[in-house]
Amino acid sequence: MTPEAALRRVESPAAVKVALGNRSYDIHVGRGLLQRAGELCAPVLKQKRVFIVTDSTVAPLYLAAFESSLRTSGIRADHVIVPAGEASKTFDELARVLDAMLAAKCERGTMIVALGGGVVGDLTGFAASVLLRGVDFIQVPTTLLSQVDSSVGGKTGINTAAGKNLVGAFHQPRLVLADTDVLSTLPRRELLAGYAEVAKYGLLGDAAFWAWLETNGAAALSGGDNAHGFLRHCIVTSCEAKARIVAADEKESGERALLNLGHTFGHALEAEMGYGGELLHGEAVAIGMAMAFDLSTRLGLCPASDGARLRAHFEAVGLRTAPPRTGPRGAITPAMLVAHMAQDKKMKDGALTFVLARGIGKAFLTHDVPAAVLEQTLAAALKG
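According to numbering that gives the first Met the number 0, the stretch in the sequence shown is residues 0 to 383, in order.
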């Protein structure tokens, strides 16, 4: 597809359906969706009432406009604001959110709304899954990463000292509203972190999309007048890819695990860095994907040239591909990262599950990774 054709395709309103039978839902992608929130949310509400969870960064920017749109449609809204950042995905913050919902006398017909990035979406979705034994919720993602990945598919959860997202539930939203206008306020670092998840869809199963990104990714991230069409194409293509995979494998018993390309390495790095903001999730995934391709090459599965293409493109747009060498505990070692990997949700019969690649667009799952080769890969990455 030419860039011009891609732009024509995404300039019209886009709705991507996640096909899950009677639990199917739409992902709306476009400009001005916050101003239309009441109109778009109304069809999926059981009562004209919502409870919004947002964070301290998003609330000053978008909460008032979102609540105003709801009021215009006759929808009452209460809210709670959590601290911005990964550190809010904790049992303590989950309890505070649930207490706020109960204090507001939320009922089973009250719609919960996540207005924010991936942290808010994960925390809110998990709270909705356990409130009154489960209530409906809507995702209104405000970062590129959450628009293309975490808001779609129903994975919710919090972090623990043992690792990332080890406590949670599959709980599908009723609707996703991805307003592309809100991306204009994202710091470039956050935009790049989201772009790593966009690139993932090309690397795991769509070589043509990856090639499109090599040509047009910088334009999508430029922030200029022409960026919106390219960026929206990134979002729609990513959501279409994830919707297909989720519809085929909702609970990650097979194909959906491919979406974890780079995540086994990335989650280990995040855990070692302590979730304090020194390493964003998307940054960790970008580094993890580079390491996954390196491991694939060391195992004789993937041409070294494909790993070189990954690194060259990530570095060209400003994404790092080398992990941090030190963390809160000092110098990071391969043994430290392997210890975190041992807590991975994809462990099966005590063996790690890896998403590796036979080339760009050719990801696959395997449990057959010799420990010595894994250690070599980690050691080489940590040396830079």
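Glycine included, every Cβ here is placed at the ideal spot set by N, Cα and C.
Inter-residue Cα distance where the pair is residue i and residue j
i, j, result
"L182", "A371", "42 Å"
"A58", "I80", "7 Å"
"L336", "G37", "45 Å"
"H266", "V134", "29 Å"
"G281", "S145", "10 Å"
"D25", "Q171", "11 Å"
"G108", "F169", "19 Å"
"Y274", "F313", "22 Å"
"D248", "F363", "15 Å"
"Q34", "A350", "48 Å"
"V118", "L60", "17 Å"
"L101", "Y194", "37 Å"
"V15", "A334", "42 Å"
"M288", "Q342", "19 Å"
Residue from the options with nearest C-alpha to residue i
i, options, result
"V96", "S72, L364 and V129", "V129"
"T56", "L294, A330 and P186", "P186"
"A198", "G228, H232, A226 and G167", "H232"
"A94", "P140, Q46 and G156", "G156"
"I111", "K47, L165, A210 and S149", "K47"
"D77", "A86, F65, S87 and G84", "F65"
"R328", "K250, M272 and A103", "M272"
Identity of the residues DSSP links to residue i by a beta bridge
i, result
"D25", "K16"
"V49", "A76 and M110"
"D54", "V81"
"V166", "I157"
"G115", "P140"
"K347", "A350"
"T365", "F353"
"V175", "I26 and Q138"
Neighbourhood of residue i by C-beta distance below 7 Å, restricted to the same chain and skipping five residues each side
i, result
"R308", "I359"
"A270", "G162, K163 and H339"
"A453", "The shown model of the chain, from 0 to 383, leaves out residue 453, and the question about it has no answer."
Own chain residues within Cβ distance below 6 Å of residue i, not counting five before or after
i, result
"Q375", "none"
"C105", "F50"
"A217", "V316"
"A41", "S72"
"L230", "A219"
8 Å CB neighbourhood of residue i in its chain, flanking five on each side removed
i, result
"L39", "H27, L32, L174 and L176"
"G383", "A321 and R324"
"L300", "L355, A356 and R357"
Three-way DSSP call (helix, strand, coil) for residue i in this model
i, result
"I244", "helix"
"A195", "helix"
"T376", "helix"
"A330", "strand"
"T1", "Reliability of the predicted coordinates at T1 is poor, the pLDDT of 46 falling under 50, and the value obtained from them is presented with this limitation in mind. T1 falls in the coil class under three-state DSSP."
"A321", "coil"
"V235", "helix"
"R255", "helix"
"A283", "helix"
"N225", "coil"
"A127", "helix"
"Y274", "coil"
Check: residue i C-beta below 7 Å from any heavy atom of the ligand PLP
i, result
"G31", "Absence of the ligand PLP is noted for the structure shown, with no ligands found whatsoever."
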